[in-house]
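Enquirer: Each residue of the sequence shown is one higher than the one before, starting from 83 at the first, in the numbering used here.
Don't be surprised by glycine CBs; every beta carbon is placed ideally from N, CA and C.
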Amino acid sequence: MGLTTAIAAERLREHGPNELPKAQHPGPFRIVVEVLKEPMFLLLVLAAAIYLVVGDALEGLVLSAFAALSVGLVAWQQSRSESALEALRSLAAPSARVMRDGNEQVVAAREVVPGDLLLVGEGERVAADARLLRGDGVQVDESLLSGESVPVRKRPSTIDETGSTRPLSPGGDDQPWIYGDTLVVQGNGIAEVVATGTGTQAGRIGVSLATIRTEPTLLSRSIQRIVRLFALVALVASASVVLLNGLLRGEWLQGLLSGIALAMAMLPEEFPMVLVVFVALGAWRLAKVRVLARRTAVIEALGAASVLCVDKTGTLTENRQRVCVLEAAQAQWNADGDSGGFDRRLRRLLEVAALASARSAYDPLDAAIGNLATRLLDETERHDRWQLLREFGLTAARPLVARTWQAPDGTAMVAAKGAPEAIAALCNVSEERRATLFARVEALAADGLRVLAVASGPADASALPCDVAALALEFEGLVAFQDPLRPGARNAVEHAQRAGIRVVMITGDYPATASAIAREAGIADAARVLDGPALDALDDDAFVDAVRATAVHARIRPEQKLRLVEALKRASEVVAMTGDGVNDAPALRAAHIGIAMGKRGTDVARESADIVLLDDDIGHVIDGVRMGRRIFDNLRKAMIYIAAIHVPVAGLALLPLLVGLPPLLMPLHVVLVEMVIDPVCSIAFENEPEEADIMQRRPRSREEPLMAAPQFMLALLQGALLLSATLALYAASLRMGETEDVARALAFIALTTGNLMLVRVNGARGMTVPHLADAGHRAYWIVAAIACATVGLCITLPVLARAFDFAVPAPADAIVAALVGVASALAFDLLKPLRRVRTALGSGARGG
Numbered sequence: 083m084g085l086t087t088a089i090a091a092e093r094l095r096e097h098g099p100n101e102l103p104k105a106q107h108p109g110p111f112r113i114v115v116e117v118l119k120e121p122m123f124l125l126l127v128l129a130a131a132i133y134l135v136v137g138d139a140l141e142g143l144v145l146s147a148f149a150a151l152s153v154g155l156v157a158w159q160q161s162r163s164e165s166a167l168e169a170l171r172s173l174a175a176p177s178a179r180v181m182r183d184g185n186e187q188v189v190a191a192r193e194v195v196p197g198d199l200l201l202v203g204e205g206e207r208v209a210a211d212a213r214l215l216r217g218d219g220v221q222v223d224e225s226l227l228s229g230e231s232v233p234v235r236k237r238p239s240t241i242d243e244t245g246s247t248r249p250l251s252p253g254g255d256d257q258p259w260i261y262g263d264t265l266v267v268q269g270n271g272i273a274e275v276v277a278t279g280t281g282t283q284a285g286r287i288g289v290s291l292a293t294i295r296t297e298p299t300l301l302s303r304s305i306q307r308i309v310r311l312f313a314l315v316a317l318v319a320s321a322s323v324v325l326l327n328g329l330l331r332g333e334w335l336q337g338l339l340s341g342i343a344l345a346m347a348m349l350p351e352e353f354p355m356v357l358v359v360f361v362a363l364g365a366w367r368l369a370k371v372r373v374l375a376r377r378t379a380v381i382e383a384l385g386a387a388s389v390l391c392v393d394k395t396g397t398l399t400e401n402r403q404r405v406c407v408l409e410a411a412q413a414q415w416n417a418d419g420d421s422g423g424f425d426r427r428l429r430r431l432l433e434v435a436a437l438a439s440a441r442s443a444y445d446p447l448d449a450a451i452g453n454l455a456t457r458l459l460d461e462t463e464r465h466d467r468w469q470l471l472r473e474f475g476l477t478a479a480r481p482l483v484a485r486t487w488q489a490p491d492g493t494a495m496v497a498a499k500g501a502p503e504a505i506a507a508l509c510n511v512s513e514e515r516r517a518t519l520f521a522r523v524e525a526l527a528a529d530g531l532r533v534l535a536v537a538s539g540p541a542d543a544s545a546l547p548c549d550v551a552a553l554a555l556e557f558e559g560l561v562a563f564q565d566p567l568r569p570g571a572r573n574a575v576e577h578a579q580r581a582g583i584r585v586v587m588i589t590g591d592y593p594a595t596a597s598a599i600a601r602e603a604g605i606a607d608a609a610r611v612l613d614g615p616a617l618d619a620l621d622d623d624a625f626v627d628a629v630r631a632t633a634v635h636a637r638i639r640p641e642q643k644l645r646l647v648e649a650l651k652r653a654s655e656v657v658a659m660t661g662d663g664v665n666d667a668p669a670l671r672a673a674h675i676g677i678a679m680g681k682r683g684t685d686v687a688r689e690s691a692d693i694v695l696l697d698d699d700i701g702h703v704i705d706g707v708r709m710g711r712r713i714f715d716n717l718r719k720a721m722i723y724i725a726a727i728h729v730p731v732a733g734l735a736l737l738p739l740l741v742g743l744p745p746l747l748m749p750l751h752v753v754l755v756e757m758v759i760d761p762v763c764s765i766a767f768e769n770e771p772e773e774a775d776i777m778q779r780r781p782r783s784r785e786e787p788l789m790a791a792p793q794f795m796l797a798l799l800q801g802a803l804l805l806s807a808t809l810a811l812y813a814a815s816l817r818m819g820e821t822e823d824v825a826r827a828l829a830f831i832a833l834t835t836g837n838l839m840l841v842r843v844n845g846a847r848g849m850t851v852p853h854l855a856d857a858g859h860r861a862y863w864i865v866a867a868i869a870c871a872t873v874g875l876c877i878t879l880p881v882l883a884r885a886f887d888f889a890v891p892a893p894a895d896a897i898v899a900a901l902v903g904v905a906s907a908l909a910f911d912l913l914k915p916l917r918r919v920r921t922a923l924g925s926g927a928r929g930g
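1) Are there three or more Cβ pairs, one per stretch, closer than 8 angstroms when the segment 788–798 is compared with the segment 888–903?
2) Taking residue 699 as the reference, give the member of 679, 688 and 718 with the closest Cα.
3) Excluding the 5 residues flanking residue 839 on each side, which residues of the same chain have their C-beta closer than 6 angstroms to its C-beta?
4) Closest to residue 503 by CA distance: which of 883, 513 and 535 is it?
5) Quick one: what does DSSP say residue 844 is sitting in, helix, strand or coil?
6) Would you mind stating whether residue 646 and residue 599 have Cβ atoms separated by less than 8 angstroms?
7) Classify residue 520 as buried or exposed, calling it buried when 16 or more other Cβ atoms lie within 10 Å of its own Cβ.
8) What does the Cβ neighbour count give for residue 321, buried or exposed, with the cut at 16 atoms within 10 Å?
9) Run through the segment 578–644 for me and flag every whole alpha helix (DSSP H) of 4 or more residues, listed as ranges in chain order.
10) Report the residue from 657, 675, 656 and 643 whose alpha carbon sits nearest the alpha carbon of residue 664.
11) Give the secondary structure of residue 683 by DSSP, where H, G and I count as helix, E and B as strand, and everything else as coil.
12) What do you reckon, are the CB atoms on residue 192 and residue 100 nearer than 8 angstroms?
13) Would you mind listing the alpha helix (DSSP H) stretches within the segment 688–776 that are 4+ residues and don't spill past its ends, in chain order?
14) Is the separation between the beta-carbon of residue 667 and that of residue 694 shorter than 8 angstroms?
15) To which residues does DSSP link residue 213 through a beta bridge?
16) Report buried or exposed for residue 72, applying the criterion of at least 16 other Cβ atoms within 10 angstroms of its Cβ.
17) In whole angstroms, give me the CA-to-CA distance for residue 793 and residue 737.
18) State the DSSP-derived secondary structure class of residue 893, mapped to helix, strand or coil.
19) Which class does residue 863 belong to by DSSP, given the choice of helix, strand or coil?
20) Is the beta carbon of residue 176 less than 8 angstroms from the beta carbon of residue 93?
21) Starting from residue 432, trace the alpha helix (DSSP H) in both directions and tell me its first and last residue.
22) Closest to residue 306 by C-alpha separation, out of 353, 273, 750 and 500, would be which residue?
23) Any idea which residues DSSP pairs residue 223 with across the strands?
24) CA-CA distance, residue 586 and residue 369?
25) Classify residue 171 as buried or exposed, calling it buried when 16 or more other Cβ atoms lie within 10 Å of its own Cβ.
26) Would residue 267 be called buried (16 or more neighbouring beta carbons within 10 Å of its own) or exposed?
27) For a test of the three-state rule: what should DSSP assign to residue 573, helix, strand or coil?
28) Grouping DSSP H, G and I as helix and E and B as strand, with all else coil, what is residue 548?
29) Nearest-angstrom Cα distance between residue 622 and residue 652?
30) Tell whether a beta-carbon distance below 8 angstroms holds between residue 482 and residue 523.
31) Compare the beta carbon distance of residue 746 and residue 826 with 8 angstroms and say whether it is the shorter of the two.
32) Roughly how many angstroms separate the alpha carbons of residue 466 and residue 682, rounded to a whole number?
33) What are the boundary residues of the beta strand (DSSP E) that includes residue 881?
34) So which of 742, 185 and 359 has the shortest CA-CA distance to residue 716?
35) I need the straight-line Cα distance from residue 97 to residue 200, nearest angstrom please.
36) When we look at the beta-carbon of residue 858 and count the other beta-carbons within 10 Å, is it buried (16 or more) or exposed?
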């Protein structure tokens, strides 16, 4: 009878809708607030506020525009990602068949309540966790929960027989429990709903995600350290300028303005803009290869990944079954070999297997047999016109299916397929042949294959027995199935391992299957497999040691996947995790980089991930690694440059006051310099191609900062050379009788050309000086031309020249100043060949 409408409505109010709470996606205002919490953006806003407070509206407005653009880029990228995810969501209004008021009714799945009698059938998704009360050969695909790609056989039962009112864990044949979001691939039945919404297996996993904290990215932590260092140095230097001017000269107001100018010169407000541009353009490049970055910051983190944890079903494999082996008597056919020589024994085996399978199949094994029969058998061997007389369904006692058919001429036959031991028991098979058969089945199973036996026999259409055991059957052969490896999976694994990334398979499937797929995919150390029960027996320290030494983990439950990821993180690994099922969601959320499948991935998995592969191609993970490494390399080059150029900018604002020279750089000059810095860094450095060895080197350590002592020393030396050359040029010009305005213009020309050459030197790190003019870097040369033209106008146009306190120098002097700037930027690189020659000569002398 089922529930009455009134009782169902009351339980709906009591238990709530049968759905998971929807993820709350931030609106535009929330996105802006979250972005402004980042130290880099606070620094940008602070710098803009300082300029506006001291009355420099131009620089304040410029920096405010940069801040708005930065926030806009992040908001646009996040809204674009969420829109793409919305298009991937499951059916908008799934329905369920239930018994209400004694009648079958179709209701929205969200209205299913505990106690409902749920009708399930082939091809339908189960609406909630339920106990199967009655059923005919019900098999369910539970791969989204268990990771096992082969359908699970269900056995009807009542509460008295099971002794439990709660579902056990997914996986394993002959249990009465069916689970929400799983797919019925064979049979029909009636089940009583025992849990809905957050009480289901899928729901409990979804709720557990709220307890998993998302960690800040490695890059954000590194940049925060750099920002704090710069802020501290700027504070100390600015306070020193104020005190020096006040105590030594009595000019407290001038000292305060000079201190503010120095602070503005030292504050690296370029950092946030450069970072946003780099990751936004990286996300855009990845989107072109169908990779969606939900959190753009993790793209760079992917470049640091040292371990890639992959799910088997749907990630390495296609999550479909195909026939890979046919064996009949002494004949054998292999899907990966030559299909020629498909003799009559094999044709007969496939013909009978097709007759034993459903014609319009949801069961993946039946579908695989049907597809192969369509491809290899003639129309006369497929018997499309035969009439089905009777079907003997799957039972726990006899795990096989048999179908009786009648030909157009009136003759009848039975075709059966199922577990080899069940089929052999119904056939006249000698003990010797039985031993040989089972040995062969074990060998195929050891290769990770699912094996069915096939038999056939005559039947009397007018007197069909009630039990298949009454039919006389003849053994035909074996059919073996495999969930095939994705075409690009092995190549992706090889590239990852070549890049120093350890690949670890984590699956809910059986150890033999997991090991076979791992070997086929080329995963190193695939022979060593640890299963879930063995891991459960280990304490935390032994667990971490086992995870370090094992590349394949089988029969793993969702909570164990999470524990594996946490153990790898404790072992100081940077963990990337791929998955598509509900069972993968906790591990996806906990990993440093969670990667979900877009096509077949569940909503829960996609919501938990940082990156979504829209076409489910694991090979694009390698594209992400390459992009992440390229972003880090180019970002490091940009940061060295930014640090280097702040040395002369700050020094030229401070040193003239200390050595008795007229002021050189005032706030407006700093504005002009930094109007060059931002676009040059964002465009020129981001467009630098990847290094030749980018995918041959090992991942960097998670503790490696964006700028360590060697990078700071390099930046300091480069900046000091440019500072010394510019200040010397300024002092020399004044001594030679040039006016302050002309000397300032010459110094600014040297600073500008040195600035632009530093971009080229750091961007092309590793190149020799003659190769720096590589015509391939068109973005750099375009921006450099614009920057030089801008400075030229500021010097030559009277209105701008008066504003900047410039005067037009002699052309020859301007050329000399430009060459001074270029030479100072190249000096450090020009010394490198001399050092190499000296080292070589020294080695030769020692060898003599």
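Expert: Reading from the atomic positions:
1) Cβ pair count under 8 angstroms is below three, so no.
2) For residue 699, the nearest C-alpha among the options comes from 679.
3) Counting only Cβ-Cβ distances below 6 angstroms, and skipping sequence neighbours, we find 904 and 907.
4) The shortest C-alpha separation from residue 503 is found at 535.
5) When DSSP states are grouped into helix, strand and coil, residue 844 belongs to the helix group.
6) Cβ distance not < 8 angstroms, so residue 646 and residue 599 don't count as in contact.
7) Exposed is the call here.
8) Around the Cβ of residue 321, a 10 Å sphere holds fewer than 16 other Cβ atoms; the residue is exposed.
9) Complete alpha helix (DSSP H) runs here, min 4: 593–603, 614–618 and 622–631.
10) Nearest of 657, 675, 656 and 643 to residue 664, Cα basis: 643.
11) Coil at residue 683, not helix or strand.
12) The Cβ atoms of residue 192 and residue 100 sit closer than 8 angstroms to each other.
13) Counting only runs of 4 or more, we get 701–740 and 749–761.
14) For residue 667 and residue 694, no; Cβs fall outside 8 angstroms.
15) In the DSSP output, where bridge partners are listed per residue, residue 213 has 259 and 274.
16) This structure cannot speak to residue 72, because the chain is shown only from 83 to 930.
17) Here the alpha carbons of residue 737 and residue 793 stand approximately 24 angstroms from one another.
18) Looking at residue 893 - three-state DSSP - the assignment turns out to be helix.
19) Residue 863: helix per DSSP, three-state reduction.
20) Cβ distance not < 8 angstroms, so residue 176 and residue 93 don't count as in contact.
21) Note, residue 432: alpha helix (DSSP H), 426–437.
22) Considering only alpha carbons, the answer is 353.
23) DSSP links residue 223 through a beta bridge to 265.
24) Taking the straight line from one Cα to the other gives about 26 angstroms.
25) Model confidence at residue 171 stands at a pLDDT of 45, short of 50, so the residue's coordinates are unreliable and nothing is read from them.
26) Label assigned to residue 267: buried.
27) Looking at residue 573 - three-state DSSP - the assignment turns out to be helix.
28) Coil.
29) Rounded to the nearest angstrom, the gap between the Cα atoms of residue 622 and residue 652 is 10 angstroms.
30) Going by beta carbons, residue 482 and residue 523 fall outside the 8 angstroms limit.
31) By the CB criterion at 8 angstroms, residue 746 and residue 826 fall inside the cutoff.
32) Looking at the two C-alpha atoms, the distance is approximately 32 angstroms.
33) Residue 881 -> not in any beta strand (DSSP E); alpha helix (DSSP H) instead, spanning 880–886.
34) Nearest C-alpha to residue 716: 359.
35) Between residue 97 and residue 200, the alpha-carbon positions lie close to 17 angstroms from each other.
36) Since pLDDT at residue 858 reaches only 48, below the 50 mark, its modelled position is unreliable, and no value is offered.
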